[in-house]
Structure formats: structure tokens, C-alpha cells
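> Have a look at this one.
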Amino acid sequence: MASALPLAPLTPLAPLAPLAPRPLARVASAMRGPDRGEAVAVGPSLVAGGGDGVFAQRAFLPGEQILQDPYLASVLRIWPDRLNGPLTLDDIYGALKASGKGPELLENGPSLYRGAPDKRLVGYYTEWGETAVEEPDERASVVEAMLVLAYNAYNSQPDNRYQLVYPLISKVNHSCTPNACVIAPENGPGEVICIKPIGAGDEVFVSYLCDSQLTHPLEDRATQFARNWEFVCSCPRCKALGDDTRRFSCPDDGCAGHCKGMTAESSDLEVLPCDECGRMPEEDVVRGWADLEDEIAELLKGLPENLYCAWCPCEEFAAKHPEHCLAGRWKYQLAEHTDCEAAAAEDTEEAETLRAEASVSRAAWRTCAEAAMGTPLEVPESPKRSKAPKLQLEQAPVC
2 MASALPLAPL
12 TPLAPLAPLA
22 PRPLARVASA
32 MRGPDRGEAV
42 AVGPSLVAGG
52 GDGVFAQRAF
62 LPGEQILQDP
72 YLASVLRIWP
82 DRLNGPLTLD
92 DIYGALKASG
102 KGPELLENGP
112 SLYRGAPDKR
122 LVGYYTEWGE
132 TAVEEPDERA
142 SVVEAMLVLA
152 YNAYNSQPDN
162 RYQLVYPLIS
172 KVNHSCTPNA
182 CVIAPENGPG
192 EVICIKPIGA
202 GDEVFVSYLC
212 DSQLTHPLED
222 RATQFARNWE
232 FVCSCPRCKA
242 LGDDTRRFSC
252 PDDGCAGHCK
262 GMTAESSDLE
272 VLPCDECGRM
282 PEEDVVRGWA
292 DLEDEIAELL
302 KGLPENLYCA
312 WCPCEEFAAK
322 HPEHCLAGRW
332 KYQLAEHTDC
342 EAAAAEDTEE
352 AETLRAEASV
362 SRAAWRTCAE
372 AAMGTPLEVP
382 ESPKRSKAPK
392 LQLEQAPVC
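Just so you know, we're using our numbering here: the sequence shown kicks off at 2 and counts up by one.
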């Protein structure tokens, strides 16, 4: 009975650049520009090791635009003939050269993070440059531009076709409890949109992970941060004693509270007292939860191939523990599957029924995600925005 859920399979680094399905960013040093000073300012981050951060100069309400930022570089990352294969560093270098934005990244993005000499990615990119770039005088600048792209690029929306680097947006720090989200269109400037009330002087935080990844257990998120950006997240969720993605429903009848799995390393599952009634569940109850958690996690690994075999036990688990991350992942996959069935249905009435079922499953996933993140996935309408964007910028498959 492991204390941590099995991690999602990770793609080896080589020969991939560290791209995520949601914004990539890392910050350092200061950046100022026209038309930015009134709304935000750059200063030392509140995050340990976070370099500089972006701070609100006035209060913002959910739905308001915090800042708008034209990109420094737009680099193609998806080719029609490479949809089913990974990109190599040579591919990315070729796309960077074709964009002609390498020199601009170095000239106009001097404060963007490039990694420290002792970082794994820096060593990997440096080693690649020794064989990929023939001219010694050009090699250092090429490697530097590639690192700026790797650490700071956002995937464009909605189709992830481009990597976009911004002078200011790329400096916003990460939190697993973000108060803002990034809109990164293929054309035009990027935006940072408020999703939680922000006070004057507060630091602005976005998530480098898509919403589905934010509902993964702490150990899984930590692995992604270490692999892709080489930092340790110190946000309130990651520093908390209880893992808010592992929410077991209180066993006491009539109590609507939850017992969170503890983040402390242990050979057995340990939980905190119920967050509502304050009672600690019996040991045999906790052992049963641990066994059930392991069983459901194993079933989810086989999706979508074993969907029908997993259906009954996963539905039962979701009914008992609807705010546990495994319940959310099951409902997400079920919604995706039902949507595909609706698209293939020949009868209109059947298609409508299936789409309605998918909506119910997706709503259950959203409830689970919002419980863990403490953030609404729909940005409320603001008088200053005619159409509110979604925090759920991308329907990335749940690993």
C-alpha cells in the first residue's frame, strides 16, 4: 500500500525540448516597457528561488485583463508530417532559424531565464550544440537562444502549433493555486487574465500546467517541475501537510467533509482528520482506502483500452470519493470517450443523449478539479471584458 499514487508515465528528455501542454515560463532579473507600468511592476519574487516576479499595481477582479504583451518570438513546433513523432533539438533549432527570431530573443529578452550552469538542461543543450552548430563563434548564442525558448515559451492556443516567448508574460511565476491565467493566441499579443481577486501589491501567479495536470498528486506535479523546469514548487498546495488531490470522503454518516492523504513519505497511506467533523477514520478504513486507491490507479493506467473493464469499479469509487483525483481522472476520460461516441452516432437523438452524458461526466471532473485547486475553471464575466475566457485552455488527455 504505497503512500504515493503511481506517477503518470514520463517521456524521456532526450531528444525533446521541455515542452508542456500549458505555459512554460521561468523568470529572472527585471523588465520594463511602455504601457505596462501602471498595471504591473517587476520586482523580487515572494517565491524562494523565483528570481523576479510580476506584481499588480492595483486591484483586479476575476475576468479582468492584467496585462497584454506582444511576443518576442513565434517558433513553429508542429509540422503536418510530424504529428505522430517527437521533435528533436535539431527540429526546434531549424524552426528557430526559420523564424529568424534567435537574435531578437537574445537582444530583447536579456532578463529571461536561461538556466544555471549546473542545471541538467543547460548541460544537455550545451552538449547538443557542440555537434549541431559548426561555427564555434555562433555556438554559444545558439545554445543560449534555445535555452530561452525551452524555459520561457508558451504553447499557442488552441492547437499548440507555435512556441511563443514574451518579454513580460514569460516572467510570471508559477503556483499550483494560480490567481491568473495566460491567453497565448497564435496571432496578436498574449494576455494575462485575473481568475481570483488580486490586491494591489500582490504577486501575479499562473500555472505552468494545464488544469488536468493540476489535479494530479503532489509527487506527480513535483516530477514534472523537476523534469521540465528544474525547480521545486513552494506554493501553498505543495507545502501543505495534506495532498488536496487525495480527498477521501469522511466515513461518518451525515458528514460532508474529507480526509486528505498526507504528503509525508511513508510505506502506508496516512490521512489527516476530517476537515469538517475533525474525526480520524479507523485504521481498517484507511487500509481499505489505500487498497482501493491502488486498484483504481492501476485500472486508470490501462485507459482507454480497458475502459469497460474499469467502468464499474471506477464508477463506484467516484460515487464514494467524488473529489479524489482518481475520480476526476476517470470522469474526464469517460467524458472524452462519450464525446467520441456521440460524434460517431448516426442517430441524432442518440448523439444528443451521449453529449448530455459527456457533459455530466465533465461537470463531475470540474467539481473535482475545483475542489483541489480552489479555483473556478470558468472566469466570471467582467464589465471590462465582453467575453470571459476559460481557465481550462486546453483539453489535454489525463495521463
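Virtual Cβ for every residue (Gly too), placed ideally from N, Cα, C.
As the structure is a prediction and not an experimental result, all values here were calculated from the model.
Determine the extent of the beta strand (DSSP E) in which Leu165 is found, giving its start and end residues.
Tyr163 to Val166 is the extent of the beta strand (DSSP E) around Leu165.
> Between Pro45, Ala117, Gly116 and Gly289, which lies nearest to Lys321 when the distance is taken from Cα to Cα?
Cα-wise, what sits closest to Lys321 is Gly289.
> Is the stretch 152 to 163 touching the stretch 185 to 198 in the sense that three or more CB pairs, one from each, lie closer than 8 Å?
Yes: the two stretches touch, three or more of their Cβ pairs being nearer than 8 Å.
> Any heavy atom of the ligand PLP within a distance shorter than 7 Å of the CB on Ala298?
What this structure holds is no ligand at all, so the ligand PLP is not there to describe.
> Can you tell me whether DSSP reads Phe61 as helix, strand or coil?
In the structure shown, Phe61 sits in a strand (DSSP, three-state: E or B).
> Pick from Glu204, Val286, Glu350 and Glu299: whose alpha carbon is nearest that of Trp331?
The option with the nearest alpha carbon to Trp331 is Glu299.
> If we count Cβ pairs, one from each stretch, closer than 8 Å, do we get three or more for the stretch 301 to 319 versus the stretch 265 to 285?
No: the two stretches stay apart, fewer than three of their Cβ pairs being nearer than 8 Å.
> Taking buried to mean at least 16 other C-beta atoms within 10 Å of its own C-beta, is Lys302 buried or exposed?
By the 10 Å Cβ count, Lys302 comes out exposed.
> With DSSP run on the structure shown, which of helix, strand or coil describes Gly130?
Three-state result, Gly130: helix.
> Give me the Cβ distance between Gly243 and Leu215, rounded to the nearest whole Å; I'm assuming they're in contact under 8 Å.
With 8 Å as the limit, Gly243 and Leu215 do not qualify as a contact, their Cβ atoms being about 16 Å apart.
> By alpha-carbon positions, which one of Glu192, Ala96, Ser176 and Pro237 ends up nearest to Cys211?
The residue with the shortest Cα to Cα distance from Cys211 is Ser176.
> Flag this pair as touching only if the stretch 149 to 158 and the stretch 106 to 113 have three or more C-beta atom pairs under 8 Å; answer yes or no.
Counting Cβ pairs under 8 Å, three or more are found: they touch.
> Which of the three DSSP states is assigned to Cys195 in this structure?
Strand.
> Are Ala146 and Leu97 closer than 8 Å when you measure CB to CB?
Yes, these two residues count as a Cβ contact at 8 Å.
> Looking only at DSSP bridge pairs, what is Arg418 linked to?
This structure leaves residue 418 out entirely; the chain is present only between 2 and 400.
> If we call anything under 8 Å between Cβ atoms a contact, is His259 one with Asp276?
Yes; because the gap between Cβ atoms is below 8 Å, this pair is in contact.
> Report the rounded CA-to-CA distance for Pro314 versus Glu271, giving the unit in angstroms.
C-alpha separation (whole angstroms): 23 Å.
> In this structure, does DSSP put Ser360 in helix, strand or coil?
Residue state, collapsed to three classes: helix.
> Would Val173 and Val55 be called neighbours here (beta carbons separated by less than 8 Å)?
Yes, they are a contact pair.
> Between Ile170, Leu169 and Gly124, which has its C-alpha nearest Leu148's C-alpha?
Taking only the C-alpha atoms, the option nearest Leu148 is Gly124.
> With 16 other CB atoms within 10 Å as the buried threshold, where does Ala257 fall?
Ala257 is exposed by the Cβ-count criterion.
> Just list the alpha helix (DSSP H) runs in the stretch 255 to 318, keeping only unbroken ones of 4 residues or longer that don't cross its boundaries, in chain order.
Taking only runs of at least 4 residues, the alpha helix (DSSP H) segments lying wholly in the stretch 255 to 318 are 284 to 302.
> Taking buried to mean at least 16 other C-beta atoms within 10 Å of its own C-beta, is Ala201 buried or exposed?
Exposed is the call here.
> Buried or exposed for Arg78, going by 16 or more other Cβ atoms inside 10 Å?
Looking at its Cβ environment, which holds 16 or more other Cβ atoms inside 10 Å, Arg78 is buried.
> Using a Cβ-Cβ cut-off of 8 Å (strictly less than) and excluding sequence neighbours within five positions of Ala117, which residues of its own chain qualify?
For Ala117, where only same-chain residues beyond five positions count, the Cβ hits under 8 Å are Val123.
> Return yes when the Cβ of Asp70 is within less than 8 Å of the Cβ of Leu169, no when it is not.
Taking 8 Å as the Cβ cut-off, Leu169 and Asp70 qualify as a contacting pair.
> Sort out for me which residues DSSP pairs Phe206 with in a bridge.
Paired residues: Asn174.
> Based on Cα-Cα distance, which residue from Asn109, Ala328, Leu90 and Glu351 lies nearest to Ala370?
For the residues Asn109, Ala328, Leu90 and Glu351, the minimum Cα distance to Ala370 belongs to Ala328.
> What are the complete alpha helix (DSSP H) segments, minimum 4 residues, inside the stretch 214 to 244?
If we require 4 residues or more, the alpha helix (DSSP H) runs fully inside the stretch 214 to 244 come out as 219 to 229 and 237 to 240.
> Assuming Arg179 contacts Leu62 under a Cβ cut-off of 8 Å, what Cβ separation, rounded to an integer in Å, is found between them?
It is worth fixing the name first, because residue 179 is Pro in this sequence and not Arg. Not confirmed; about 15 Å, so no contact.
> Quick check: what's the CA-CA separation for Asp138 versus Ile93?
Asp138 and Ile93: Cα-Cα distance of roughly 20 Å.
> Please report the distance separating the alpha-carbon of Glu347 from that of His338.
Spanning the two alpha carbons is a distance of roughly 16 Å.
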